[in-house]
Amino acid sequence: MKTRFRIVPLGTNVADAARESAAAGAPDHTIIVADSPRGYPCRHCLRFAQPGERVILFPYAAVPSDHPYSESGPIFVHAEPCQRYAATNEFPVELRSGRALRAYNSNFDMVDAEVVNGDEPKAVIEKLLQNPEVAFVDARSVTRACYTFRIERS
Ligand SMILES: [Zn+2]
76 MKTRFRIVPL GTNVADAARE SAAAGAPDHT IIVADSPRGY PCRHCLRFAQ PGERVILFPY
136 AAVPSDHPYS ESGPIFVHAE PCQRYAATNE FPVELRSGRA LRAYNSNFDM VDAEVVNGDE
196 PKAVIEKLLQ NPEVAFVDAR SVTRACYTFR IERS
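If you number the sequence shown the way the working numbering does, the last residue is 229 and the count never jumps.
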């Protein structure tokens, strides 16, 4: 039996708060103009910002504080409002390469991890979610380890 999953992009409330903080000049929110087509993935629409588009770089705690695996790291969102990724039963096409999938239990402890690189990631996700201990899976960049999006059972 297959485990069904859904992609969970960054919340619109988080993206909007980042835009407000950047507009207010928060020192940990920087506006950057994308200068390459595959270097600036927006965590809200789950597409790469295209050269010339502005993104906000800011820290995001994918694993909250007070846990052994607590982690805050840099992510991008488009500086202009964008549409939250809606095809939540599909792994985002633009982000199939170079992703590490980290599986966590309900206490935010990392219990497994796999790398997907260009192949259909669905089988890897199904395998990770078949472990009943796994509560969710985070997709991260293989090269820079930045949080990209979350995957939950649907
Ligand atoms: Zn976006």
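Even glycine gets a Cβ: it sits at the ideal position worked out from N, Cα and C. Because the structure is a prediction, the values reported are computed rather than measured.
Can the beta-carbon of Phe-133 be found less than 7 Å from the beta-carbon of Arg-228?
-> no
- Looking at C-alpha atoms only, which residue of Phe-211, Thr-87 and Glu-155 is the closest neighbour of Tyr-179? Phe-211
Does the Cβ of Thr-223 have 16 or more other Cβ atoms within 10 Å, making it buried, or fewer, making it exposed? By the neighbour-count rule (16 or more Cβ atoms within 10 Å), Thr-223 is buried.
Practice problem: May I ask whether a heavy atom of ligand 1 can be found less than 6 Å away from the beta carbon of Cys-120? | Solution: Correct: Cys-120 has its Cβ closer than 6 Å to ligand 1.
task: Starting from the Cα of Val-190, find the closest Cα among Asp-184, Val-199 and Gln-125 and give me that residue.
output: Val-199
| message | Considering Cα atoms alone, identify which of Val-130, Pro-102, Asp-103 and Thr-105 is closest to Gly-114. | response | Val-130
(message) Is Cys-221 near ligand 1 - that is, is its Cβ less than 6 Å away from at least one heavy atom of it?
(response) no
- Query: Under three-state DSSP, which class holds Asp-213?
  - Reply: strand
Arg-118 beta carbon less than 7 Å from that of Ile-82: no
Taking Leu-204 as the reference, give the member of Ala-136, Ile-226 and Gly-100 with the closest Cα. Ile-226
Using three-state DSSP, classify Asp-91 as helix, strand or coil. helix
| If you draw a straight line from the alpha carbon of Asp-141 to that of Glu-201, how long is it in whole angstroms? | 29 Å
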